[in-house]
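Q: Each step along the sequence shown adds one to the number in the UniProt record's numbering, with nothing skipped, and position 101 is 101.
We treat Cβ as the ideally placed atom computed from N, Cα and C, and that holds for glycine.
Bear in mind that the values here come from a model prediction, so they are computed numbers and not experimental data.
Have a look at this one.
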Amino acid sequence: MRLLVAVVAAVLCAGTVLMVRVTASVVSRLNDLRQAVDRRFADISAATRLFAQVEKLRGDGVPRLVDAAEALSAGPGILREFVYAEIDRLAAHLENLTDSVAECPGENHDWLLTLTRCTRKSIDAVTTTVVDDYSGSTGSAGRYLAAQGEAIERGASVRRLFVVQRSAQAAALVPLCTAQRQVGVQVRVAVLEKLPPSLRRGAMTDFVVFDGALSYEVDFDPLGSYCSTRIDAHAHRVEPFVSRFDLLWNATEPADS
Numbered sequence: 001m002r003l004l005v006a007v008v009a010a011v012l013c014a015g016t017v018l019m020v021r022v023t024a025s026v027v028s029r030l031n032d033l034r035q036a037v038d039r040r041f042a043d044i045s046a047a048t049r050l051f052a053q054v055e056k057l058r059g060d061g062v063p064r065l066v067d068a069a070e071a072l073s074a075g076p077g078i079l080r081e082f083v084y085a086e087i088d089r090l091a092a093h094l095e096n097l098t099d100s101v102a103e104c105p106g107e108n109h110d111w112l113l114t115l116t117r118c119t120r121k122s123i124d125a126v127t128t129t130v131v132d133d134y135s136g137s138t139g140s141a142g143r144y145l146a147a148q149g150e151a152i153e154r155g156a157s158v159r160r161l162f163v164v165q166r167s168a169q170a171a172a173l174v175p176l177c178t179a180q181r182q183v184g185v186q187v188r189v190a191v192l193e194k195l196p197p198s199l200r201r202g203a204m205t206d207f208v209v210f211d212g213a214l215s216y217e218v219d220f221d222p223l224g225s226y227c228s229t230r231i232d233a234h235a236h237r238v239e240p241f242v243s244r245f246d247l248l249w250n251a252t253e254p255a256d257s
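The following block contains the structure:
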């Protein structure tokens with residue numbers, strides 16, 4: 001009898017241990033499954049947010065970008081690497097712009113042209129460095145001039161202020177001013193030696209203010225070469241440019257024909 005009791009007790013004990021192990025295994029697998037489901041729902045939620053943001057974008061730029069990247073993925077390796085590098089570059093710029101500011105080395109004509117084409121209200125530009133034989137009708141200068149003309153046709157006001165050190169330098173700007181006026185740009189030439197002392201203080205830099213809300217600023221190195229370009233939509237950065245332009249513009253007479 002005692003032997004039977006011992007056997008039954010051993011069986012029950014072994015069964016209990018087995019049940020505990022099976023239960024623990026089931027619980028572990030359920031936890032893994034729950035975590036997997038949670039991750040899946042998190043991915044779906046992230047995708048849903050992404051699609052919701054994409055739907056807010058104007059036009060079909062994002063689908064076109066995806067389709068182009070997919071189509072080019074079958075091309076030569078160098079082409080694929082170029083496409084991926086361009087997408088990464090664009091993503092980096094857009095990521096920077098989430099803080100309403102972005103900067104790049106040298107002068108960025110693409111930014112300048114795109115901003116000009118996006119403008120609806122006004123473009124106010126100060127230019128301190130001008131090439132003597134610049135006609136404004138070829139290359140990137142010609143494209144920029146054409147984009148300004150298109151902005152004017154949309155109803156935007158475009159004002160261009162050239163800054164020179166001495167009156168004698170203004171004569172070299174006549175062809176350029178003529179080309180600007182022909183597309184409807186309002187042009188003035190500020191001669192530093194004729195300006196009030198208060199307006200001569202501070203650094204003279206090239207900048208453009210778009211729609212009174214975003215500044216495009218170009219910095220130069222000591223040799224006068226383009227060093228970097230910065231766009232900024234922070235009000236405390238844009239307002240000084242707006243004020244600076246208005247002061248210089250109001251202190252200058254319209255350019256001679």
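With distances taken from CA atoms, which of A156, S100, C177 is nearest H236?
A: Indexing the sequence shown from 1 puts residue 236 at position 236. Minimum Cα distance to H236 is reached at S100.
Q: Taking DSSP as the reference, what is the three-state secondary structure of P76?
A: The residue labelled residue 76 in the question sits at position 76 within the sequence shown. If DSSP states are grouped into helix, strand and coil, P76 belongs with coil.
Q: Determine contact between the segment 121-129 and the segment 201-210, defined as no fewer than three beta-carbon pairs at a distance below 8 Å.
A: These segments touch.
Q: Taking only the alpha-carbon atoms, compute the straight-line gap between D132 and L247 and give it to the nearest angstrom.
A: On the sequence shown, position 132 is the one that residue 132 refers to. On the sequence shown, position 247 is the one that residue 247 refers to. Bear in mind that the predicted position of D132 carries a pLDDT of just 42, short of 50, making it too unreliable to give a figure here.
Q: I need the DSSP call for P196, collapsed to helix, strand or coil.
A: Indexing the sequence shown from 1 puts residue 196 at position 196. Looking at P196 - three-state DSSP - the assignment turns out to be coil, as it is neither helix nor strand.
Q: Please list, in chain order, all residues of the same chain as R120 whose beta carbon is under 7 Å from its beta carbon, the five residues on each side excluded.
A: Counting from 1 along the sequence shown, the entry for residue 120 is found at position 120. For R120, where only same-chain residues beyond five positions count, the Cβ hits under 7 Å are R154, A156, D211.
Q: Per DSSP, A190 forms a beta bridge with which residues?
A: Position 190 of the sequence shown, counted from the start, is the residue given in the question as residue 190. Looking at the DSSP assignment, A190 forms a beta bridge with V163.
Q: Going along the chain, which residues of its own chain have a beta-carbon closer than 6 Å to the beta-carbon of T229, five neighbours each way excluded?
A: Position 229 of the sequence shown, counted from the start, is the residue given in the question as residue 229. Excluding residues within five positions, the ones whose Cβ falls inside 6 Å are C104, E107, N108, V218.
Q: What residue from E81, P254, E95, A74 has the CA that sits closest to T178's CA?
A: Translated into positions along the sequence shown, residue 178 becomes position 178. For the residues E81, P254, E95, A74, the minimum Cα distance to T178 belongs to P254.
Q: Rounded to whole angstroms, what's the CA-CA distance from F241 to A213? Just pull it up for me.
A: Position 241 of the sequence shown, counted from the first residue, corresponds to residue 241. Position 213 of the sequence shown, counted from the first residue, corresponds to residue 213. Approximately 10 Å, taken between the alpha carbons.
Q: Given a cut-off of 8 Å, decide if I231 and S215 are closer than it, judged by their beta-carbon atoms.
A: Numbered from its first residue, the sequence shown carries residue 215 at position 215. Numbered from its first residue, the sequence shown carries residue 231 at position 231. In contact: S215 and I231 (Cβ atoms closer than 8 Å).
Q: In whole angstroms, give me the CA-to-CA distance for A47 and A251.
A: As a first step, residue 47 must be located in the sequence shown, where it is residue number 47. As a first step, residue 251 must be located in the sequence shown, where it is residue number 251. Low local confidence applies: a pLDDT of 46 at A47 is under 50, so the model's placement there is unreliable, with the coordinate-based value given in what follows. Each residue's Cα considered, the two are about 55 Å apart.
Q: Where do the N-terminal and C-terminal ends of the beta strand (DSSP E) with A102 fall, by residue?
A: Against the sequence shown, residue 102 aligns to sequence position 102. Start and end: 101-105.
Q: Buried or exposed: which applies to Q182, given that a residue is buried once 16 or more other Cβ atoms fall within 10 Å of its Cβ?
A: Residue 182 sits at position 182 when you count from the first residue of the sequence shown. The residue in question, Q182, is exposed, as its Cβ has fewer than 16 Cβ neighbours within 10 Å.
Q: With C-beta atoms as the reference, is L161 less than 8 Å away from F245?
A: Position 161 of the sequence shown, counting from 1, holds the residue named residue 161. Position 245 of the sequence shown, counting from 1, holds the residue named residue 245. Against a cut-off of 8 Å, the Cβ pair of F245 and L161 comes out as a contact.
Q: Using the C-alpha atoms, what's the distance from A190 back to T116?
A: Here the question's residue 116 lines up with position 116 in the sequence shown. Here the question's residue 190 lines up with position 190 in the sequence shown. For T116 and A190, the distance between alpha carbons rounds to 23 Å.
Q: Give the single residue among Q165, R166, V187 whose Cα lies nearest to the Cα of P175.
A: As a position in the sequence shown, residue 175 is number 175, starting the count at 1. Checked all of Q165, R166, V187; the closest Cα to P175 is V187.
Q: Taking the alpha carbon of A102 as the point to measure from, which residue in A168, W249, A233 has its own alpha carbon closest?
A: Position 102 of the sequence shown holds residue 102. It is A233.
Q: With DSSP as the reference, label R230 as helix, strand or coil.
A: Position 230 of the sequence shown, counting from 1, holds the residue named residue 230. R230: strand per DSSP, three-state reduction.
Q: If you check the beta carbons only, do V163 and L199 fall under 8 Å apart?
A: Counted from its first residue, the sequence shown places residue 163 at position 163. Counted from its first residue, the sequence shown places residue 199 at position 199. Cβ distance not < 8 Å, so V163 and L199 don't count as in contact.
Q: In three-state DSSP terms, what is T127?
A: For the purposes of this step, residue 127 is taken as residue 127 along the sequence shown, with counting starting at 1. Three-state result, T127: strand.
Q: With DSSP collapsed to three states, give me the class of D88.
A: Position 88 of the sequence shown, counted from the first residue, corresponds to residue 88. Here D88 sits in helix by DSSP.
Q: Out of S122, H93, E239, state which residue places its alpha-carbon closest to the alpha-carbon of D110.
A: Working through the sequence shown from its first residue, we reach residue 110 at position 110. Looking at the Cα atoms, H93 is the closest of the given residues.
Q: Between the C-alpha atoms of F82 and P76, what's the straight-line distance to the nearest angstrom?
A: Locating residue 82 in the sequence shown gives position 82, counting from the first residue. Locating residue 76 in the sequence shown gives position 76, counting from the first residue. So the alpha carbons of these two residues sit roughly 10 Å apart.
Q: Who are Y216's beta bridge partners in DSSP?
A: Your numbering for residue 216 matches position 216 in the sequence shown. Looking at the DSSP assignment, Y216 forms a beta bridge with V208, I231.
Q: Would A168 pass as a contact of V158 if the rule is Cβ separation under 8 Å?
A: Position 168 of the sequence shown, counted from the first residue, corresponds to residue 168. Position 158 of the sequence shown, counted from the first residue, corresponds to residue 158. Not in contact: A168 and V158 (Cβ atoms no closer than 8 Å).
Q: If you drop the 5 nearest sequence neighbours on each side, which residues of the same chain put their C-beta closer than 7 Å to that of L195?
A: Here residue 195 refers to the residue found at position 195 when the sequence shown is read from its first residue. Once the five neighbours on either side are set aside, the close Cβ partners of L195 are A251.
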